[in-house]
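Engineer:
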Amino acid sequence: MNKPNSNLDSGPSHLSRRVFVKRSALAATGTALAAHFPAIVTAHAAPDSVVRIGMVGVGGRGTGLLGILLSMKGIQVPAVCDIDTAAATRAQGMIANSGRPQPELYTRGDEDFQRLMDRADLAAVIIATPWEWHATMAVCGMKAGKYVGVEVPAAITIEECRDLVRTAELTRKPCMMLENWSFRRDNLAVLNMIRQGLFGEIVHCHCAHSHNCVYWYFDAKGNPRWSAEHLARHNADQYPTHSLGPVLSWMNINCGDRFDYLTSTATRSLGLNLQLAEKYGPDYPSARRRYAQGDIITSVVKTVKGNTIVINNDMQLPRPYDNRWEIQGTRGLYNEQRNAVYIQGVSPAYEQWEPFGPYQEKYDHAWWKALKAESGDAGHGGTDVLELEHFIRAVREATQTPVDVYDSVIMSAVIPLSLESIARGSYPVKCPDFTQGKWQTRKPAFAVET
Ligand SMILES: NC(=O)c1ccc[n+]([C@@H]2O[C@H](COP(=O)([O-])OP(=O)(O)OC[C@H]3O[C@@H](n4cnc5c(N)ncnc54)[C@H](O)[C@@H]3O)[C@@H](O)[C@H]2O)c1
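The sequence shown begins at 158 in our numbering and counts up one residue at a time.
(1) Does E546 pass the burial test, meaning 16 or more other C-beta atoms within 10 Å, or should it be called exposed?
(2) Cutting at 7 Å between CB atoms, please list the residues of its own chain near D376, excluding the five before and the five after it.
(3) Leaving out five residues on either side along the sequence, give the residues of the same chain with a beta carbon under 6 Å from the beta carbon of V552.
(4) So that I know if they touch, is there some Cβ in chain C lying closer than 8 Å to that of D376?
(5) Just the Cα atoms here: how many angstroms apart are Y499 and P505?
(6) Measure the alpha-carbon distance for N344 versus C370 and round it to whole angstroms.
(7) When you compare only the Cα positions, how much space is there between E326 and P439?
(8) Would you list the one or two residues that DSSP bridges to D479?
(9) Only counting the same chain, and skipping five residues up and downstream in sequence, which positions put a Cβ closer than 7 Å to that of A385?
(10) Give me the DSSP bridge partner(s) of L262.
(11) If you draw a straight line from the C-alpha of G489 to the C-alpha of K230, how long is it?
(12) In the structure shown, what three-state DSSP assignment does L405 receive?
(13) Taking 7 Å as the cut-off, is the C-beta of N344 nearer than that to any heavy atom in ligand 1?
(14) Does the Cβ of E386 lie closer than 7 Å to at least one heavy atom of ligand 1?
(15) In the structure shown, what three-state DSSP assignment does N492 receive?
(16) Whose C-beta lies closer than 6 Å to the C-beta of P515 among residues of the same chain, with five residues either side of it excluded?
(17) What first and last residue would you give for the beta strand (DSSP E) that runs through V458?
(18) Does the beta-carbon distance from N480 to H366 come in below 8 Å?
(19) Please classify V503: is it buried, with 16 or more other beta-carbons within 10 angstroms of its beta-carbon, or exposed?
(20) Looking at the structure shown, is I466 part of a helix, part of a strand, or coil, going by DSSP?
(21) Heavy atom of ligand 1 less than 7 Å from the Cβ of V477, yes or no?
(22) Distance check for S569 and P260, CA to CA, integer angstroms please.
(23) Just to confirm, are A301 and E317 a CB contact at a threshold of 8 Å?
(24) What is the C-beta distance between V309 and E336, in whole angstroms, given that I count them as a contact (C-beta under 8 Å)?
(25) Using a threshold of 8 Å, state whether the C-beta atoms of A311 and S575 are closer than that.
(26) Should N469 be labelled buried (16 or more other beta-carbon atoms within 10 Å of its own) or exposed?
(27) Helix, strand or coil for G221, going by three-state DSSP, please let me know.
(28) Would F340 pass as a contact of E544 if the rule is Cβ separation under 8 Å?
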């Protein structure tokens, strides 16, 4: 019988040989960089001054983030890196069209991001590349003295999670995973309600990322993109961060509680093959290929305080988009799908749902009130705007980012933990304490209203 927790550090087996060798070499380069920059490189802007940001990866998501940055005042983007010259040139055009100076491009291959990180004028970098690059690039950025905003997930192995934490602690540079659903208007109002005690003591949460992403995994001709390669090789919850984002602050994870252990179970894998066969024919190579990824992954986390979190990953079957958030306490609960709450002694009818709408108005978060007052909505209904605004505010004011490195890695760690649990027949896998005990004394910091 396997021992629990015997192989938490998923190493090369989780990565292609090519990427692993390349990343190991880069990690060594990063160490050399750290020796080069023993103190924190202060590229910080003073309050109200211009913040200079470097973009790494300007495909679909990076271009979207860049567009939002360019709509903001006090932002310059003097450097853009992408291995795809056409993507980098498109970003260059966007920046020039916004009236800003033409950025320098870094397009000399997979490792050219290092030259961008070395620029002394950048206070921060935003990374929106394929998953297998995130941690390597983020570590390099912190070692070069930059604030790092890295797309989801921040890491895909436990060793990468540890590396991010080590580097953030060593360099004292914040690393924020750009987990946007934490900033959603409804989720922040629910956070206010929880903090005001409306639901009593929180004991349980359900969350999901249910989103048919077959055409994000494959290109317009049905050929696999980089993301599909992960599905071919791994059976795990490979995208747990959007579901978990708001849950961390709802349940005081890393500041009063922490993940103890996790079990994950996968269904069989049918959705990718069926959807591709329907569109391209049954003999199409992508439709015939075998994918390790099960259609639906159900993970259960037990926290040390004794609470539970169910996380569903459901991203390759035809279905409408859904997050299925439900947070339950000793006095009541919120259910996102029903857009409803029930609060004992407050809701008018005994044990009957009532609409969430009036609560949304009453407990609306100050961030959303300010956003609506100043600019209206943009990008994921304004959520992406808020996320970037608060990341940049932290850079400008040299403070901690709203999502810190510990939050970034615990959400990401569900990937390797679920991989291991599924591989071992839904075995309970211990979750590392990346805070090394600090969760017991850390105070909630995300979106605290003053
Ligand atoms: N937060 C969200 O809502 C959200 C939405 C979509 C995607 N994402 C995340 O954004 C990231 C990018 O996804 P995408 O859909 O934009 O993918 P994409 O393939 O469209 O873009 C990735 C870009 O990175 C570039 N790239 C690859 N390797 C590189 C390297 N070594 N150096 C520099 N550039 C490199 C590619 O050429 C491409 O332009 C992923 O991590 C994804 O999970 C987040």
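Glycine is no exception: its CB is placed at the ideal position from the N, C-alpha and C atoms.
Structural biologist: So, to answer that:
(1) Within the sequence shown, the letter at position 389 stands for residue 546. E546 is buried by the Cβ-count criterion.
(2) Position 219 of the sequence shown, counting from 1, holds the residue named residue 376. R382, listed in sequence order.
(3) Position 395 of the sequence shown, counted from the first residue, corresponds to residue 552. The answer, listed in chain order, is V208, A280, A281, Y304.
(4) Protein chain content of the structure displayed is limited to a single chain, and chain C is not contained in it.
(5) Indexing the sequence shown from 1 puts residue 499 at position 342. Indexing the sequence shown from 1 puts residue 505 at position 348. Going by the C-alpha atoms only, they are around 9 Å apart.
(6) The residue given as residue 344 occupies position 187 in the sequence shown. The residue given as residue 370 occupies position 213 in the sequence shown. Going from the Cα of N344 to the Cα of C370 covers about 23 Å.
(7) The sequence position of residue 326 within the sequence shown is 169, counting from 1. The sequence position of residue 439 within the sequence shown is 282, counting from 1. Straight-line Cα distance between these residues: approximately 51 Å.
(8) In the sequence shown, counting from the first residue as 1, residue 479 sits at position 322. Answer by DSSP bridge pairing, in chain order: S367.
(9) As a first step, residue 385 must be located in the sequence shown, where it is residue number 228. Hits under 7 Å: Y374, F375.
(10) For the purposes of this step, residue 262 is identified with residue 105 of the sequence shown, where counting begins at 1. Answer by DSSP bridge pairing, in chain order: V237.
(11) In the sequence shown, residue 489 corresponds to position 332, counting from 1. In the sequence shown, residue 230 corresponds to position 73, counting from 1. Approximately 42 Å between the Cα atoms of the pair.
(12) Translated into the one-based positions of the sequence shown, residue 405 becomes position 248. The answer is helix: DSSP assigns L405 an H, G or I state.
(13) Numbered from its first residue, the sequence shown carries residue 344 at position 187. No.
(14) Here residue 386 is taken as the residue at index 229 of the sequence shown, counted from 1. No; taking the cut-off as 7 Å, the Cβ of E386 has no heavy atom of ligand 1 nearer than that.
(15) Translated into positions along the sequence shown, residue 492 becomes position 335. Note: N492 maps to strand in three-state DSSP.
(16) To locate residue 515, count along the sequence shown from 1; it is residue 358. None.
(17) Translated into the one-based positions of the sequence shown, residue 458 becomes position 301. It spans 453-460 - the beta strand (DSSP E) in which V458 sits, taken as one unbroken run.
(18) For the purposes of this step, residue 480 is taken as the residue at position 323 of the sequence shown. For the purposes of this step, residue 366 is taken as the residue at position 209 of the sequence shown. Cβ distance < 8 Å, so N480 and H366 count as in contact.
(19) Within the sequence shown, numbered from 1, the residue matching residue 503 stands at position 346. So V503 ends up on the exposed side.
(20) For the purposes of this step, residue 466 is identified with residue 309 of the sequence shown, where counting begins at 1. If DSSP states are grouped into helix, strand and coil, I466 belongs with the strands.
(21) Translated into positions along the sequence shown, residue 477 becomes position 320. Per the sequence presented here, residue 477 reads as Pro, with Val not at that position. Checking the Cβ of P477 against ligand 1 gives no.
(22) Taking the sequence shown and counting its residues from 1, the one referred to as residue 260 is at position 103. Taking the sequence shown and counting its residues from 1, the one referred to as residue 569 is at position 412. Cα to Cα, the separation comes out at about 32 Å.
(23) Within the sequence shown, residue 301 is the residue found at index 144, counting from 1. Within the sequence shown, residue 317 is the residue found at index 160, counting from 1. No. Outside cutoff.
(24) Within the sequence shown, numbered from 1, the residue matching residue 309 stands at position 152. Within the sequence shown, numbered from 1, the residue matching residue 336 stands at position 179. Correct: roughly 6 Å between the Cβ atoms.
(25) Start at 1 with the first residue of the sequence shown, and residue 311 comes out as number 154. Start at 1 with the first residue of the sequence shown, and residue 575 comes out as number 418. Result no, Cβ atoms of A311 and S575 do not sit closer than 8 Å.
(26) Locating residue 469 in the sequence shown gives position 312, where the first residue counts as 1. Buried is the call here.
(27) Position 64 of the sequence shown, counted from the start, is the residue given in the question as residue 221. Helix at G221.
(28) Counting from one through the sequence shown, the residue named residue 340 turns up at place 183. Counting from one through the sequence shown, the residue named residue 544 turns up at place 387. Closer than 8 Å, so yes.
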